[in-house]
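Numbering (the working numbering), first residue to last: 129 to 272. Every residue gets a Cβ at the ideal spot worked out from N, C-alpha and C, and that includes glycine.
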């Protein structure tokens, strides 16, 4: 069982609900940072608190979803302890975990199916960081 965080914007709301249901049915605990409807909203209001939860170790991973996945990943990556990867295929989720030790998954709801989104989530949370030569690179990501 993992403790996960999820959030995004109105474009990702329906996927967010379905992903929460999928994760909880598989025994994971999911903290929903919002939004809580399809009403237009500002994704930073939900992604900053989510990223703080990842940064502080309150959750193991974060999942962010907006129309393109770009805005939510930009916000999450403003946090020093966060490495958010934008993924639209399961192989990208695998690689961002294996090579970049990403701790936030960002997805584009308007460009992938819900089935694909769930495949990406499952791949992301089940893939281990390889370490080794990749650790040196990951260590160089944050600015002082």
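Taking all protein chains shown into account, do 16 or more other C-beta atoms lie within 10 angstroms of the C-beta of residue i, making it buried, or fewer, making it exposed?
i, result
"residue 167", "exposed"
Over the uninterrupted beta strand (DSSP E) stretch that includes residue i, give me the two end residues.
i, result
"residue 235", "232 to 236"
"residue 217", "Unbroken run through residue 217: none, as it is neither H nor E."
"residue 192", "189 to 194"
"residue 160", "157 to 160"
Beta-carbon within less than 8 Å of residue i's beta-carbon, same chain only, minus the 5 sequence neighbours each way: which residues are those?
i, result
"residue 148", "134, 158, 160"
Excluding sequence positions up to five away, which residues of its chain have a Cβ less than 6 Å from the Cβ of residue i?
i, result
"residue 150", "246"
"residue 197", "214, 234, 235, 236"
"residue 240", "216"
Looking only at its chain, what residues have a beta carbon closer than 7 Å to the beta carbon of residue i, apart from the 5 residues adjacent to it on each side?
i, result
"residue 143", "193, 237, 242, 245"
Where does the unbroken alpha helix (DSSP H) through residue i begin, and where does it stop?
i, result
"residue 198", "198 to 204"
"residue 248", "242 to 254"
"residue 173", "172 to 183"
Spell out the partners DSSP gives residue i in its beta bridges.
i, result
"residue 139", "Answer by DSSP bridge pairing: none, since residue 139 is not bridged."
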